[in-house]
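Only one structure is covered here, and it is reproduced in the block below.
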Amino acid sequence: MERALIVAQVFLVAVMAANAAEMLGSRDAAGFGAAYGGVRAILALQYARVMPCPEAGRFVRQRIVGLFVAALFWAGSALLPAPQRYAGWGVALLIDFGNSWPASRSTSASPPGATHFPERFGLLTIILLGEFVVSVMRGIESQMDWSFLAASAAVLSLALGFAIWSCYSDGAIGWGKRHIRSHKDVVRLRIWIALHFALFLGISILGVGARRAIALPSGGHFGPEDQWLICSATVGIILVMMGIAATSERHDHWKGRWMWLSQGSIALFALALAPLSSQIIATALLLLLFLCFIAQSAVLLANQRQ
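Below, the structure is given as C-alpha coordinates:
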(Lines of atoms letter the chains of each structure in order from A and count residues from 1; the text may use other names and numbers.)
(Lines give C-alpha, C1' and ligand atoms only; values in the text may rest on other atoms or scores of the structure.)
Protein backbone atom coordinates (compact mmCIF):
# COMPACT_ATOMS: atom_id res chain seq x y z
CA MET A 1 0.00 0.00 0.00
CA GLU A 2 2.76 2.44 0.95
CA ARG A 3 4.63 1.79 -2.28
CA ALA A 4 1.48 2.34 -4.33
CA LEU A 5 0.95 5.70 -2.65
CA ILE A 6 4.58 6.66 -3.32
CA VAL A 7 4.21 5.72 -7.00
CA ALA A 8 1.10 7.92 -7.20
CA GLN A 9 3.03 10.80 -5.61
CA VAL A 10 5.90 10.37 -8.07
CA PHE A 11 3.42 10.49 -10.97
CA LEU A 12 1.85 13.71 -9.65
CA VAL A 13 5.29 15.27 -9.15
CA ALA A 14 6.02 14.43 -12.80
CA VAL A 15 2.78 16.21 -13.73
CA MET A 16 3.94 19.21 -11.70
CA ALA A 17 7.26 19.23 -13.58
CA ALA A 18 5.45 19.04 -16.93
CA ASN A 19 3.30 22.04 -15.97
CA ALA A 20 6.08 24.22 -14.58
CA ALA A 21 7.16 25.83 -17.86
CA GLU A 22 4.52 28.54 -18.35
CA MET A 23 3.56 31.73 -16.51
CA LEU A 24 1.43 31.75 -13.34
CA GLY A 25 -1.69 32.84 -15.17
CA SER A 26 -1.60 29.94 -17.66
CA ARG A 27 -3.54 26.67 -17.65
CA ASP A 28 -0.27 24.84 -17.02
CA ALA A 29 0.18 26.73 -13.75
CA ALA A 30 -3.35 25.74 -12.75
CA GLY A 31 -2.46 22.10 -13.46
CA PHE A 32 0.69 22.49 -11.37
CA GLY A 33 -1.37 23.63 -8.37
CA ALA A 34 -3.95 20.88 -8.83
CA ALA A 35 -1.23 18.20 -9.03
CA TYR A 36 0.38 19.58 -5.87
CA GLY A 37 -2.99 19.33 -4.16
CA GLY A 38 -3.07 15.67 -5.15
CA VAL A 39 0.37 15.17 -3.57
CA ARG A 40 -0.90 16.70 -0.31
CA ALA A 41 -4.01 14.48 -0.36
CA ILE A 42 -1.87 11.35 -0.79
CA LEU A 43 0.30 12.49 2.12
CA ALA A 44 -2.90 12.68 4.22
CA LEU A 45 -3.64 9.06 3.29
CA GLN A 46 -0.13 8.08 4.38
CA TYR A 47 -0.74 9.73 7.74
CA ALA A 48 -4.05 7.87 8.03
CA ARG A 49 -2.16 4.57 8.04
CA VAL A 50 -0.67 5.40 11.47
CA MET A 51 -3.88 6.68 13.10
CA PRO A 52 -4.26 3.51 15.23
CA CYS A 53 -1.08 4.46 17.14
CA PRO A 54 -2.36 5.84 20.48
CA GLU A 55 0.68 8.05 21.08
CA ALA A 56 0.23 10.02 17.85
CA GLY A 57 -3.55 9.78 17.32
CA ARG A 58 -4.51 13.40 18.05
CA PHE A 59 -1.50 14.85 16.27
CA VAL A 60 -2.13 12.69 13.18
CA ARG A 61 -5.81 13.57 13.02
CA GLN A 62 -5.03 17.29 13.06
CA ARG A 63 -2.42 16.82 10.35
CA ILE A 64 -4.82 14.82 8.14
CA VAL A 65 -7.58 17.45 8.40
CA GLY A 66 -5.14 20.24 7.54
CA LEU A 67 -3.71 18.34 4.58
CA PHE A 68 -7.12 17.55 3.10
CA VAL A 69 -8.37 21.13 3.49
CA ALA A 70 -5.22 22.49 1.87
CA ALA A 71 -5.50 19.90 -0.92
CA LEU A 72 -9.06 21.08 -1.65
CA PHE A 73 -7.87 24.68 -1.94
CA TRP A 74 -4.97 23.69 -4.21
CA ALA A 75 -7.19 21.63 -6.49
CA GLY A 76 -10.16 24.03 -6.38
CA SER A 77 -7.98 27.01 -7.26
CA ALA A 78 -7.27 25.40 -10.64
CA LEU A 79 -10.91 26.11 -11.61
CA LEU A 80 -10.60 29.83 -10.84
CA PRO A 81 -9.35 32.58 -13.19
CA ALA A 82 -5.88 33.99 -12.59
CA PRO A 83 -6.42 36.75 -9.99
CA GLN A 84 -8.73 34.66 -7.78
CA ARG A 85 -6.50 31.61 -8.26
CA TYR A 86 -3.62 33.38 -6.52
CA ALA A 87 -5.80 34.05 -3.49
CA GLY A 88 -6.70 30.35 -3.32
CA TRP A 89 -3.05 29.41 -3.50
CA GLY A 90 -2.26 31.89 -0.74
CA VAL A 91 -4.89 30.37 1.56
CA ALA A 92 -3.61 26.86 0.78
CA LEU A 93 -0.04 27.91 1.57
CA LEU A 94 -1.09 29.42 4.89
CA ILE A 95 -2.95 26.22 5.81
CA ASP A 96 0.05 24.08 4.84
CA PHE A 97 2.41 26.31 6.79
CA GLY A 98 0.27 26.30 9.92
CA ASN A 99 -0.34 22.58 9.68
CA SER A 100 3.37 21.83 9.33
CA TRP A 101 4.28 23.92 12.38
CA PRO A 102 2.73 22.07 15.34
CA ALA A 103 3.01 23.22 18.94
CA SER A 104 6.36 22.45 20.55
CA ARG A 105 4.59 20.21 23.06
CA SER A 106 3.32 18.00 20.22
CA THR A 107 6.78 17.91 18.65
CA SER A 108 8.36 16.96 21.98
CA ALA A 109 5.75 14.26 22.62
CA SER A 110 6.06 12.79 19.10
CA PRO A 111 9.53 13.87 17.95
CA PRO A 112 10.71 13.20 14.39
CA GLY A 113 13.52 10.73 13.86
CA ALA A 114 16.94 12.17 14.61
CA THR A 115 18.06 11.54 11.02
CA HIS A 116 14.77 12.30 9.22
CA PHE A 117 15.15 16.02 8.56
CA PRO A 118 18.96 15.98 8.09
CA GLU A 119 18.57 13.33 5.39
CA ARG A 120 15.85 15.29 3.55
CA PHE A 121 17.44 18.71 3.77
CA GLY A 122 20.91 17.32 3.14
CA LEU A 123 19.59 15.73 -0.05
CA LEU A 124 17.96 19.01 -1.12
CA THR A 125 21.26 20.80 -0.51
CA ILE A 126 23.08 18.28 -2.71
CA ILE A 127 20.45 18.73 -5.44
CA LEU A 128 20.85 22.53 -5.32
CA LEU A 129 24.63 22.18 -5.50
CA GLY A 130 24.13 19.83 -8.43
CA GLU A 131 22.14 22.58 -10.15
CA PHE A 132 25.04 24.91 -9.27
CA VAL A 133 27.37 22.59 -11.20
CA VAL A 134 24.89 22.41 -14.10
CA SER A 135 24.87 26.21 -14.23
CA VAL A 136 28.66 26.17 -14.37
CA MET A 137 28.56 23.66 -17.23
CA ARG A 138 26.20 25.93 -19.17
CA GLY A 139 28.59 28.79 -18.67
CA ILE A 140 31.41 26.63 -20.02
CA GLU A 141 29.32 25.78 -23.09
CA SER A 142 28.73 29.46 -23.82
CA GLN A 143 32.43 30.40 -23.60
CA MET A 144 33.97 30.74 -27.08
CA ASP A 145 37.46 31.99 -26.22
CA TRP A 146 39.22 29.69 -23.75
CA SER A 147 41.92 31.92 -22.34
CA PHE A 148 43.70 31.29 -19.04
CA LEU A 149 41.32 33.59 -17.16
CA ALA A 150 38.25 31.95 -18.71
CA ALA A 151 39.50 28.48 -17.74
CA SER A 152 40.35 29.76 -14.27
CA ALA A 153 36.82 31.10 -13.87
CA ALA A 154 35.40 27.67 -14.73
CA VAL A 155 37.69 25.86 -12.30
CA LEU A 156 37.06 28.38 -9.52
CA SER A 157 33.29 28.15 -10.05
CA LEU A 158 33.39 24.40 -9.50
CA ALA A 159 35.71 24.85 -6.52
CA LEU A 160 33.29 27.42 -5.08
CA GLY A 161 30.43 24.89 -5.18
CA PHE A 162 32.51 22.22 -3.46
CA ALA A 163 33.71 24.74 -0.86
CA ILE A 164 30.09 25.53 0.02
CA TRP A 165 29.34 21.83 0.38
CA SER A 166 32.41 21.32 2.60
CA CYS A 167 31.41 24.27 4.75
CA TYR A 168 27.89 22.86 5.12
CA SER A 169 28.71 19.21 5.75
CA ASP A 170 32.11 19.31 7.48
CA GLY A 171 32.17 22.75 9.06
CA ALA A 172 28.59 23.55 10.10
CA ILE A 173 27.64 19.83 10.33
CA GLY A 174 24.37 20.59 8.59
CA TRP A 175 23.69 16.88 8.13
CA GLY A 176 24.20 16.05 11.83
CA LYS A 177 21.52 14.21 13.81
CA ARG A 178 18.83 16.36 15.41
CA HIS A 179 17.62 14.83 18.67
CA ILE A 180 14.43 16.32 20.19
CA ARG A 181 14.53 16.05 23.99
CA SER A 182 13.17 19.44 25.11
CA HIS A 183 11.48 22.65 24.01
CA LYS A 184 14.93 24.15 23.36
CA ASP A 185 15.68 21.35 20.87
CA VAL A 186 12.38 22.07 19.09
CA VAL A 187 13.34 25.73 18.70
CA ARG A 188 16.76 24.75 17.36
CA LEU A 189 15.18 22.38 14.82
CA ARG A 190 12.79 25.05 13.56
CA ILE A 191 15.59 27.61 13.21
CA TRP A 192 17.68 24.99 11.39
CA ILE A 193 14.82 24.30 8.94
CA ALA A 194 14.15 28.00 8.27
CA LEU A 195 17.84 28.67 7.61
CA HIS A 196 17.89 26.07 4.85
CA PHE A 197 15.45 28.05 2.72
CA ALA A 198 17.81 31.04 2.84
CA LEU A 199 20.70 28.68 2.04
CA PHE A 200 18.92 27.33 -1.03
CA LEU A 201 18.24 30.86 -2.29
CA GLY A 202 21.88 31.88 -1.82
CA ILE A 203 23.21 28.81 -3.64
CA SER A 204 20.86 29.45 -6.56
CA ILE A 205 22.02 33.08 -6.89
CA LEU A 206 25.68 32.12 -6.71
CA GLY A 207 25.15 29.46 -9.38
CA VAL A 208 23.79 32.08 -11.77
CA GLY A 209 26.68 34.38 -10.87
CA ALA A 210 29.25 31.67 -11.59
CA ARG A 211 27.66 31.01 -14.97
CA ARG A 212 27.85 34.69 -15.87
CA ALA A 213 31.47 34.90 -14.74
CA ILE A 214 32.48 32.08 -17.08
CA ALA A 215 30.55 33.57 -20.00
CA LEU A 216 32.19 36.99 -19.62
CA PRO A 217 35.05 37.95 -21.94
CA SER A 218 38.52 37.19 -20.61
CA GLY A 219 39.30 39.63 -17.81
CA GLY A 220 35.73 40.92 -17.75
CA HIS A 221 34.03 42.55 -14.78
CA PHE A 222 30.62 42.05 -13.25
CA GLY A 223 28.22 44.95 -13.44
CA PRO A 224 27.66 46.87 -10.17
CA GLU A 225 24.23 45.29 -9.59
CA ASP A 226 25.49 41.78 -10.32
CA GLN A 227 28.47 42.15 -7.99
CA TRP A 228 26.25 43.44 -5.17
CA LEU A 229 23.87 40.52 -5.65
CA ILE A 230 26.63 37.89 -5.75
CA CYS A 231 28.46 39.29 -2.71
CA SER A 232 25.21 39.66 -0.78
CA ALA A 233 24.33 36.03 -1.57
CA THR A 234 27.78 34.98 -0.31
CA VAL A 235 27.31 36.95 2.92
CA GLY A 236 23.88 35.37 3.34
CA ILE A 237 25.31 31.86 2.96
CA ILE A 238 28.10 32.62 5.45
CA LEU A 239 25.58 33.87 8.01
CA VAL A 240 23.34 30.86 7.38
CA MET A 241 26.28 28.53 7.97
CA MET A 242 26.91 30.30 11.26
CA GLY A 243 23.27 29.78 12.23
CA ILE A 244 23.27 26.12 11.25
CA ALA A 245 26.44 25.57 13.24
CA ALA A 246 24.90 27.37 16.23
CA THR A 247 22.03 24.85 16.25
CA SER A 248 24.41 21.89 16.28
CA GLU A 249 25.24 20.11 19.51
CA ARG A 250 28.81 19.56 18.35
CA HIS A 251 29.74 23.25 18.27
CA ASP A 252 31.01 25.15 21.29
CA HIS A 253 28.68 28.15 21.53
CA TRP A 254 30.33 30.19 24.25
CA LYS A 255 33.97 29.24 24.76
CA GLY A 256 34.74 29.93 21.09
CA ARG A 257 33.26 33.42 20.84
CA TRP A 258 36.28 34.68 18.95
CA MET A 259 35.54 32.12 16.27
CA TRP A 260 32.04 33.48 15.78
CA LEU A 261 33.56 36.96 15.50
CA SER A 262 35.99 35.57 12.93
CA GLN A 263 33.09 34.37 10.80
CA GLY A 264 31.45 37.78 11.09
CA SER A 265 34.69 39.32 9.85
CA ILE A 266 34.70 36.95 6.87
CA ALA A 267 31.14 38.05 6.04
CA LEU A 268 32.12 41.73 6.27
CA PHE A 269 35.09 41.10 3.97
CA ALA A 270 32.81 39.47 1.37
CA LEU A 271 30.38 42.38 1.60
CA ALA A 272 33.23 44.89 1.21
CA LEU A 273 33.95 43.38 -2.22
CA ALA A 274 30.49 44.40 -3.50
CA PRO A 275 31.26 48.05 -4.43
CA LEU A 276 34.56 47.13 -6.14
CA SER A 277 33.14 45.81 -9.40
CA SER A 278 35.33 48.09 -11.50
CA GLN A 279 38.52 47.16 -9.62
CA ILE A 280 38.13 43.36 -9.37
CA ILE A 281 37.72 41.15 -12.42
CA ALA A 282 35.12 38.38 -12.19
CA THR A 283 37.70 35.60 -11.95
CA ALA A 284 39.46 37.31 -9.03
CA LEU A 285 36.11 37.78 -7.28
CA LEU A 286 35.38 34.05 -7.56
CA LEU A 287 38.79 33.31 -6.05
CA LEU A 288 38.17 35.65 -3.10
CA LEU A 289 34.73 34.20 -2.45
CA PHE A 290 36.18 30.69 -2.60
CA LEU A 291 38.77 31.67 0.01
CA CYS A 292 36.00 33.09 2.21
CA PHE A 293 34.26 29.71 2.36
CA ILE A 294 37.54 27.87 2.91
CA ALA A 295 38.32 30.22 5.81
CA GLN A 296 34.89 29.72 7.34
CA SER A 297 35.20 25.93 7.03
CA ALA A 298 38.53 26.08 8.87
CA VAL A 299 37.04 28.25 11.65
CA LEU A 300 34.03 25.96 12.07
CA LEU A 301 36.18 22.82 12.15
CA ALA A 302 38.33 24.37 14.88
CA ASN A 303 35.21 25.16 16.91
CA GLN A 304 33.82 21.63 16.99
CA ARG A 305 33.76 19.58 20.15
CA GLN A 306 35.82 16.44 19.94
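Just so we're aligned: the sequence shown equals residues 1 to 306 in the working numbering.
Glycine included, each C-beta is placed from N, C-alpha and C at the ideal position.
DSSP bridge partner residues for histidine 251 (one or two, in chain order): Gln304
Local conformation of serine 169 per DSSP, three classes: helix
Contacts around leucine 287, its chain only, beta-carbon distance under 7 Å, and the 5 residues preceding and following it disregarded: Leu156
Among Leu5, Ala4, Ala71, the one whose alpha carbon lies nearest that of phenylalanine 32: Ala71
Enclosing alpha helix (DSSP H) for tryptophan 192 [first to last residue]: 183-215
Exposure of phenylalanine 222, with buried meaning 16 or more beta-carbon neighbours within 10 Å: buried
8 Å CB neighbourhood of phenylalanine 117 in its chain, flanking five on each side removed: Arg178, Leu189, Trp192, Ile193
Methionine 276 versus glutamine 227 - alpha carbon distance: Correcting the residue type first, residue 276 is leucine in the shown sequence and not methionine. Cα to Cα, leucine 276 sits roughly 8 Å from glutamine 227.
Nearest-angstrom Cβ-Cβ length linking alanine 233 and glycine 139, presumed shorter than 8 Å: Actually they do not touch by this definition, with Cβ atoms about 16 Å apart.
Cβ shell of serine 218 (< 7 Å), same chain only, five flanking positions each side left out: Asp145, Ser147, Leu149, Ala150
Test item: CB-CB of isoleucine 214 and valine 136 under 8 Å: yes
Cβ-Cβ distance between isoleucine 64 and alanine 8 below 8 Å: no
Rounded separation between alanine 78 and serine 166 - CA only: 42 Å
Check whether alanine 267 and isoleucine 238 have beta carbons under 8 Å apart: yes
Given phenylalanine 200 as reference, the closest of Ile126, Ala298, Leu301 once Cα atoms are compared: Ile126
C-beta contact flag for alanine 172 and alanine 114 at 8 Å: no
Residue nearest to histidine 196 in terms of C-alpha spacing, selected from Gly243, Ala163, Ala284, Ala20: Gly243
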